[in-house]
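Peer 1: Got a structure for you, written out below as structure tokens; questions coming shortly.
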């Protein structure tokens with residue numbers, strides 16, 4: 001029961017806004033029953049309120065209404081209502097308007113995507129709903145369940161105990177740990193030894209350019225709406241659509257899973273080296289790597305399954321160890337070098353050593369690009385924070401801040417450590433403490449080891465024989481340089497295990513997001529989460545199995561470049577997503593992060609693609625091949641999702657631009673295509689008409705199907721039958737009026753129909769005169785508006801709507817005769833869906849109509865269904881000129897390049913029809929004649945006024961010759977045989 005105190009007409013007017021969609025059951029102001037009492041009466045208005053699951057029940061939400069009879073005047077238990085209770089008043093509405101109203105104040109909940117699962121979706125009442133009272137709305141994703149979307153809102157409160165991370169612990173720490181990989185301690189000195197610190201800076205700078213541009217693009221994308229879990233997959237799929245997102249998401253998840261094995265094997269190799277130094281090998285080096293690797297990944301899996309909170313604590317501990325190890329390097333470069341360290345090439349800071357290491361010294365076939373390819377994988381950890389975007393408190397704020405700051409800190413760290421090593425370590429050293437130079441002999445120093453010579457060491461033997469020490473030869477330079485060597489080993493352990501742990505968490509999270517969207521239906525099993533954080537336990541197990549499989553191989557020298565290329569492909573698409581969204585200029589592209597540029601993003605995408613080929617050309621080709629295959633697969637499957645991608649926006653812009661460009665080009669006969677307007681009603685009711693139109697237009701013409709109701713249902717039917725057709729409906733008073741509207745207003749620019757297709761009116765003899773007049777009038781209207789006209793006539797008829805209704809409802813059994821007739825009708829309705837047997841398509845080209853009569857049958861012969869059918873041409877001729885007429889038509893068809901089977905010349909077309917034919921014609925038109933000649937003038941005029949469409953005697957006399965000349969061919973023997 002909805003009640004409101006009303007003291008008079010003025011109060012009723014003030015409350016009209018509130019109740020304007022409710023049917024008034026009680027008396028209203030101005031009616032005889034209006035009580036002008038001194039006190040307010042209640043209630044006056046009564047309406048029935050029913051529960052509607054489409055609306056949110058919490059917060060400031062609209063009430064749940066359902067269309068009812070409003071006869072009972074009672075209230076059901078709905079949103080804030082109960083039996084006899086008042087509906088809950090929404091404070092925000094009252095504060096804005098001073099009274100409760102069905103209209104909603106602006107709220108973010110009204111702008112969520114229809115597929116959102118983030119809380120309940122609030123629905124504002126539409127104008128139609130205000131008229132008809134609220135209807136139930138069902139919103140589902142591709143699999144019948146709601147799906148995540150870019151506009152979903154993250155609840156601000158965290159009442160369920162879900163662990164959420166800020167930008168430091170969730171993004172900054174993870175990205176730094178992933179970027180500070182084993183490369184920092186093992187290969188960085190070698191990279192600067194080969195390239196020199198001059199080109200070494202270029203190597204680091206180029207890597208940082210790639211990651212920074214990608215970070216800027218990612219920042220723009222993730223601030224253009226709310227970010228859900230899924231990392232790179234989520235960003236790309238919501239920007240470029242499910243085709244790109246689905247292909248790169250699977251690749252990216254697999255790359256993270258194999259990366260777990262890479263990092264764990266790196267850790268195991270370091271442990272095995274320690275065991276080897278202490279003569280503690282268990283079986284052999286290869287099997288020891290496998291054993292240690294499997295044990296390590298089991299422990300990491302246990303930490304991951306324990307929950308994100310435990311994983312975050314482990315990451316913090318590893319970060320502390322790693323920071324201490326890095327600081328240990330800087331401290332070690334300032335500690336005076338011992339004799340043993342000097343023999344291995346380490347001296348304290350020296351300008352001459354620094355300048356000697358400036359130019360490159362590529363050896364063993366290495367080049368700048370090969371050295372860059374070895375270093376760049378160290379920079380591929382920038383998506384570590386994005387991969388757990390679903391576990392962040394505020395991804396929009398955390399991802400840009402944490403990722404870009406991590407790139408800056410790690411880039412400066414790599415550069416600082418590398419320059420310190422370049423200023424203190426020479427490229428070659430023997431490691432022999434006896435290779436010293438006597439005092440006073442420094443003046444003889446020259447060649448490649450001048451700096452070491454001036455320090456009193458003779459490493460000239462390295463020019464002849466390979467040495468084991470120096471930045472070019474020893475991968476453990478960082479351990480030697482550091483103040484305390486074991487800390488570097490601990491840092492190496494920390495770098496590898498932290499990266500492995502981050503990848504072990506990232507792969508299942510990305511994979512779970514991919515499976516939730518049901519892009520690949522076979523992977524739906526892995527979408528289920530467990531616990532308060534919705535942990536992808538099944539994904540963890542799958543990642544563990546993949547990691548163990550590659551750990552057992554224990555040789556990742558081949559697969560490592562592929563993983564780097566997988567990461568780079570993700571970076572390239574993130575950059576391209578930002579460019580594409582900017583290029584589309586969609587009003588929905590409004591990123592809060594402004595420090596990006598569309599052309600810079602495009603440059604980043606091209607740069608990532610180039611780096612892929614620099615690292616390994618065959619791995620890049622393999623990556624592209626896999627991505628293209630998955631892209632085609634998803635495109636063919638057509639997942640039922642709509643995320644408002646920039647691909648849709650660009651498609652719209654391109655379509656508009658192309659349509660506009662066509663308006664400036666005159667029509668040309670060479671480019672003519674049949675573009676059909678098909679009057680089908682509901683397409684499924686007359687499938688033969690639509691099938692024939694589809695044979696004309698195929699995938700390259702314009703086919704418009706017009707219906708009058710159930711547009712969404714009919715469009716679904718068209719999509720299911722793979723009929724590429726537009727659909728539309730018009731509101732009109734009659735069939736002819738609607739057709740006139742369509743003939744004039746259909747299409748856009750040059751994209752407008754030029755052929756009207758309709759079925760033959762089979763009941764024209766028994767139908768009411770208005771129906772026949774309307775049907776004939778439509779044909780005249782089509783000619784007046786310069787449309788070609790195609791009328792399809794089939795012996796069994798076209799309309800099967802009564803059969804569809806009978807199948808949908810439970811009815812009494814039909815008689816055998818009716819069943820047979822219906823079966824024939826259904827079979828006939830699918831005639832153009834089947835392959836046609838050998839036969840002929842007869843073309844009666846009696847008069848020059850512009851060639852449409854000839855073109856449409858020719859188009860049919862080009863379709864696979866009609867490939868066994870030949871064209872047979874019938875033309876009008878004169879007696880005695882049959883061969884000449886046939887030759888002229890043959891020549892004309894050859895010029896048109898039209899293939900045909902035979903040409904028949906009708907040479908008796910001018911002869912009068914026989915008496916039987918004329919009698920048949922007269923009987924056929926008899927019901928439609930006025931016969932005014934046998935009636936009085938007054939009566940004849942009245943008949944003409946009442947039935948202007950009927951045939952008068954004057955009209956029959958005028959067209960007698962025309963009727964006689966056209967009647968005979970229709971009854972010729974050729975036609976009767978078909």
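In full-length UniProt numbering, the protein residues as written are 1 to 978. Every residue, glycine too, gets a C-beta built ideally from N, C-alpha and C. Please read these numbers as outputs of a predicted model, since none were measured by experiment.
(1) Should residue 477 go down as buried or exposed, given a rule of 16 or more other Cβ atoms within 10 Å for buried?
(2) Using the C-alpha atoms, what's the distance from residue 249 back to residue 255?
(3) Could you say if the region 183-198 and the region 410-425 meet the contact criterion of at least three C-beta pairs nearer than 8 Å?
(4) Are there 16 or more other CB atoms within 10 angstroms of the CB of residue 671, so buried, or fewer, so exposed?
(5) Tell me, to the nearest whole angstrom, how far the beta carbon of residue 232 is from that of residue 547; I am working on the premise that it is less than 8 Å.
(6) Can you give the Cα-Cα distance for residue 939 and residue 919, rounded to whole angstroms?
(7) My assumption, with CB atoms under 8 Å, is that residue 880 sits in contact with residue 905. Please give the rounded CB distance.
(8) Who are the Cβ neighbours of residue 519 in its own chain at under 7 Å, not counting the five residues just before and after it?
(9) Under DSSP, the beta strand (DSSP E) around residue 551 begins and ends at which residues?
(10) Using only alpha-carbon positions, find the residue among 614, 841, 577 and 725 that is nearest to residue 598.
(11) Can you give, in chain order, each stretch of the alpha helix (DSSP H) that sits fully within the region 176-247 and has at least 4 residues?
(12) Would you give the residue range spanned by the beta strand (DSSP E) that residue 678 belongs to?
(13) Which partner residues of residue 368 appear in the DSSP bridge assignment?
(14) Three-state secondary structure (DSSP) at residue 342?
(15) Tell me, please, which residues DSSP counts as bridged to residue 758.
(16) Could you tell me whether the region 198-212 touches the region 374-391, where touching means 3 or more Cβ pairs closer than 8 Å?
(17) Can you give the Cα-Cα distance for residue 934 and residue 767, rounded to whole angstroms?
(18) Kindly indicate which three-state DSSP category residue 644 falls into: helix, strand or coil?
(19) Can you give me the start and stop residues for the alpha helix (DSSP H) that residue 331 sits inside?
(20) May I ask you to list the residues that DSSP assigns as paired with residue 905?
(21) In angstroms, rounded to a whole number, what distance separates the CA positions of residue 596 and residue 307?
(22) Could you check the C-alpha separation between residue 864 and residue 957 for me, to the nearest Å?
(23) Please report the Cβ distance between residue 686 and residue 798, rounded to the nearest whole angstrom; I am assuming they are in contact, meaning their Cβ atoms lie under 8 Å.
(24) What residue range is occupied by the uninterrupted alpha helix (DSSP H) comprising residue 954?
(25) Specify the secondary structure class of residue 168 as computed by DSSP and reduced to three states.
(26) Rounded to the nearest angstrom, what separates residue 334 and residue 417 at their Cα positions?
(27) Is it the case that the Cβ atoms of residue 620 and residue 565 are separated by a distance below 9 Å?
(28) Would you tell me roughly how many angstroms separate the C-alpha atoms of residue 234 and residue 302, rounded to the nearest one?
(29) For residue 620, does the three-state DSSP call read helix, strand or coil?
(30) Give me the Cβ distance between residue 826 and residue 803, rounded to the nearest whole Å; I'm assuming they're in contact under 8 Å.
(31) Please classify residue 284: does DSSP put it in a helix, a strand, or coil?
(32) Measuring alpha carbon to alpha carbon, tell me which residue in 391, 936, 251 and 652 is nearest residue 581.
(33) In the DSSP assignment, the beta strand (DSSP E) including residue 727 goes from what residue to what residue?
(34) Are residue 514 and residue 523 closer than 9 Å when you measure CB to CB?
(35) Quick check: what's the CA-CA separation for residue 411 versus residue 220?
(36) Distance, Cα to Cα, residue 756 vs residue 678?
Peer 2: The structure says:
(1) Working through the chain shown from its first residue, we reach residue 477 at position 477. Per the 10 Å Cβ criterion, buried.
(2) The residue you call residue 255 lines up with position 255 of the chain shown. The residue you call residue 249 lines up with position 249 of the chain shown. Answer to the nearest angstrom: the Cα atoms are 10 Å apart.
(3) The region 183-198 vs the region 410-425: in contact.
(4) For the purposes of this step, residue 671 is taken as residue 671 along the chain shown, with counting starting at 1. Exposed, since its Cβ has fewer than 16 Cβ neighbours within 10 Å.
(5) Within the chain shown, residue 232 is the residue found at index 232, counting from 1. Within the chain shown, residue 547 is the residue found at index 547, counting from 1. About 19 Å separates the two Cβ atoms, so there is no contact after all.
(6) Here residue 939 is taken as the residue at index 939 of the chain shown, counted from 1. Here residue 919 is taken as the residue at index 919 of the chain shown, counted from 1. Looking at the two C-alpha atoms, the distance is approximately 27 Å.
(7) Here residue 880 refers to the residue found at position 880 of the chain shown. Here residue 905 refers to the residue found at position 905 of the chain shown. Contact doesn't hold; Cβ gap of about 11 Å is too wide.
(8) Position 519 of the chain shown, counted from the start, is the residue given in the question as residue 519. Excluding positions up to five away in sequence, the list reads 242, 246, 634 and 639.
(9) Residue mapping note: residue 551 aligns to position 551 of the chain shown, counting from 1. Per DSSP, residue 551 is not a residue of any beta strand (DSSP E); the alpha helix (DSSP H) it occupies stretches across 537-553.
(10) By 1-based counting over the chain shown, the position of residue 598 is 598. Per the Cα distances, 577.
(11) Qualifying alpha helix (DSSP H) stretches, in chain order: 183-186, 188-222 and 231-240.
(12) Numbered from 1 along the chain shown, position 678 holds the residue referred to as residue 678. Counting along the chain, the beta strand (DSSP E) containing residue 678 begins and ends at 676-679.
(13) Locating residue 368 in the chain shown gives position 368, where the first residue counts as 1. Partner residues in a beta bridge of residue 368, as assigned by DSSP, do not exist.
(14) Counted from its first residue, the chain shown places residue 342 at position 342. Assignment of residue 342 by DSSP, reduced to helix, strand and coil, places it in the helix class.
(15) Within the chain shown, the letter at position 758 stands for residue 758. Within the DSSP bridge table, the entry for residue 758 names 791 as partners.
(16) They touch, by the three-pair rule.
(17) On the chain shown, residue 934 is found 934 positions in, with the first residue counted as 1. On the chain shown, residue 767 is found 767 positions in, with the first residue counted as 1. A direct Cα-to-Cα measurement between residue 934 and residue 767 gives close to 26 Å.
(18) Stepping through the chain shown from its first residue, residue 644 is reached at position 644. Note: residue 644 maps to coil in three-state DSSP.
(19) Position 331 of the chain shown, counted from the start, is the residue given in the question as residue 331. 308-334 is the span of the alpha helix (DSSP H), which, as asked, contains residue 331.
(20) Taking the chain shown and counting its residues from 1, the one referred to as residue 905 is at position 905. Residue 905 is bridged to 875.
(21) Walking along the chain shown from the start, residue 596 turns up at place 596. Walking along the chain shown from the start, residue 307 turns up at place 307. When rounded, the distance between both Cα atoms is 35 Å.
(22) Taking the chain shown and counting its residues from 1, one reaches residue 864 at position 864. Taking the chain shown and counting its residues from 1, one reaches residue 957 at position 957. Rounded to the nearest whole angstrom, the C-alpha separation of residue 864 and residue 957 is 47 Å.
(23) Locating residue 686 in the chain shown gives position 686, counting from the first residue. Locating residue 798 in the chain shown gives position 798, counting from the first residue. With a Cβ gap of about 5 Å, residue 686 and residue 798 count as contacting.
(24) Here residue 954 refers to the residue found at position 954 of the chain shown. Element bounds for residue 954: 953-958.
(25) The count along the chain shown starts at 1 and reaches residue 168 at position 168. DSSP, read as helix, strand or coil, puts residue 168 in helix.
(26) For the purposes of this step, residue 334 is taken as the residue at position 334 of the chain shown. For the purposes of this step, residue 417 is taken as the residue at position 417 of the chain shown. Spanning the two alpha carbons is a distance of roughly 13 Å.
(27) Walking along the chain shown from the start, residue 620 turns up at place 620. Walking along the chain shown from the start, residue 565 turns up at place 565. Against a cut-off of 9 Å, the Cβ pair of residue 565 and residue 620 comes out as a contact.
(28) Looking up residue 234 in the chain shown gives position 234. Looking up residue 302 in the chain shown gives position 302. Taking the straight line from one Cα to the other gives about 27 Å.
(29) What you label residue 620 is simply residue 620 of the chain shown in a count that begins at 1. The answer is helix: DSSP assigns residue 620 an H, G or I state.
(30) The residue labelled residue 826 in the question sits at position 826 within the chain shown. The residue labelled residue 803 in the question sits at position 803 within the chain shown. Contact check for residue 826 and residue 803: beta-carbon distance about 6 Å, within the 8 Å limit, so the pair qualifies.
(31) For this step, residue 284 is matched to residue 284 along the chain shown. In the structure shown, residue 284 sits in coil (DSSP, three-state: anything other than H, G, I, E or B).
(32) Walking along the chain shown from the start, residue 581 turns up at place 581. The shortest Cα separation from residue 581 among 391, 936, 251 and 652 belongs to 652.
(33) Sequence index remark: in the chain shown, residue 727 carries index 727 (1-based). From DSSP, the beta strand (DSSP E) with residue 727 extends over 726-728.
(34) Locating residue 514 in the chain shown gives position 514, counting from the first residue. Locating residue 523 in the chain shown gives position 523, counting from the first residue. It is a contact, given that the beta carbons lie within the stated cut-off.
(35) As a working mapping, residue 411 is identified with position 411 in the chain shown. As a working mapping, residue 220 is identified with position 220 in the chain shown. Looking at the two C-alpha atoms, the distance is approximately 21 Å.
(36) As a working mapping, residue 756 is identified with position 756 in the chain shown. As a working mapping, residue 678 is identified with position 678 in the chain shown. So the alpha carbons of these two residues sit roughly 6 Å apart.
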